[in-house]
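Everything in the sequence shown is counted per UniProt numbering, starting at 1 for the first residue and increasing by one. Here's the structure, in structure tokens; my notes come after.
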Amino acid sequence: MTGTLSVAVARIKKELVNLEELEKELVAMIERGPAEDDFERKRAFASLLHDFYTCTEKIFQTVAKNIDQYVPEGENWHKALLEQMALSLDDKRPPVISEKLMHVLTGYLVFRYRVRNIYGFQLEWERMEHLIRGLPGTVHNIKTEINLFIKIIEEIALSG
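As structure tokens, then:
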């Protein structure tokens, strides 16, 4: 395995550990109940959802930069990057994530954009509750799909 690929895999694995930490924080907050009337908890949940997608996007940026050797640019680069991760690049790699997971992650991307462009007091529990409830399963799917991706690219590197 090349040095660049080894470093990329190490960075991806580090972000997977960060995802697990975010998931632990979220589960602890969920156990305390809904936050619909608690503005501080709504802000905390929004921050966790923001961090979750940012962490996921760091994984995607690592793949794009070090494996694809192409990172989207322009106004819609975040969405283009997410879509790129569901593509198979025949000469370089299989899809990083499934199209199904890409569609799920689109909701988190849209929410992160919203959080960045409104005031915290404008947060609506109804717009985040389904994302919060779905996060443990989404994290599980990300870890499963990305670990499979890592295994495949390591096998490709060893055979090539």
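Using N, Cα and C, we set each Cβ at its ideal position, and we do this for glycine too.
I'd like to know whether the C-beta atoms of residue i and residue j end up nearer to each other than 7 Å.
i: Glu23; j: Val139; result: yes
i: His50; j: Arg127; result: no
i: Tyr108; j: Tyr53; result: yes
i: Ile153; j: Arg93; result: yes
i: Cys55; j: Leu105; result: no
i: Asn66; j: Thr2; result: no
i: Trp125; j: Glu31; result: no
i: Val7; j: Ile150; result: no
CB-CB under 6 Å to residue i, same chain, minus the five flanking residues each way: which ones, in chain order?
i: Ile132; result: Phe45
i: Leu135; result: Leu26
i: Lys58; result: Glu15
By Cβ distance, which residues of its chain are closer than 7 Å to residue i, with the 5 residues on each side in sequence left out?
i: Arg11; result: Thr62
i: Leu123; result: Lys42, Arg43 and Ala46
i: Ser88; result: Pro94 and Pro95
i: His103; result: none
Report all residues from its chain with a CB closer than 8 Å to the CB of residue i; omit the five preceding and five following residues, and keep chain order.
i: Phe60; result: Leu81, Leu82, Gln84, Met85 and Val96
i: Asp91; result: none
i: Glu145; result: Val96, Ile97, Ser98 and Leu101
i: Gly74; result: Ala80
i: Ala28; result: none
i: Asp68; result: Gln84, Leu89, Lys92 and Arg93
i: Val71; result: Gln61, Ala64, Lys65, Trp77 and Leu81
i: Arg114; result: Arg127
Please list the terminal residues of the continuous alpha helix (DSSP H) segment that includes residue i.
i: Tyr53; result: Phe39 to Val63
i: Val27; result: Gly3 to Glu31
Inset, instruction - List in chain order: all unbroken alpha helix (DSSP H) runs of 4+ residues lying wholly within the stretch 82 to 151. - result: 99 to 116
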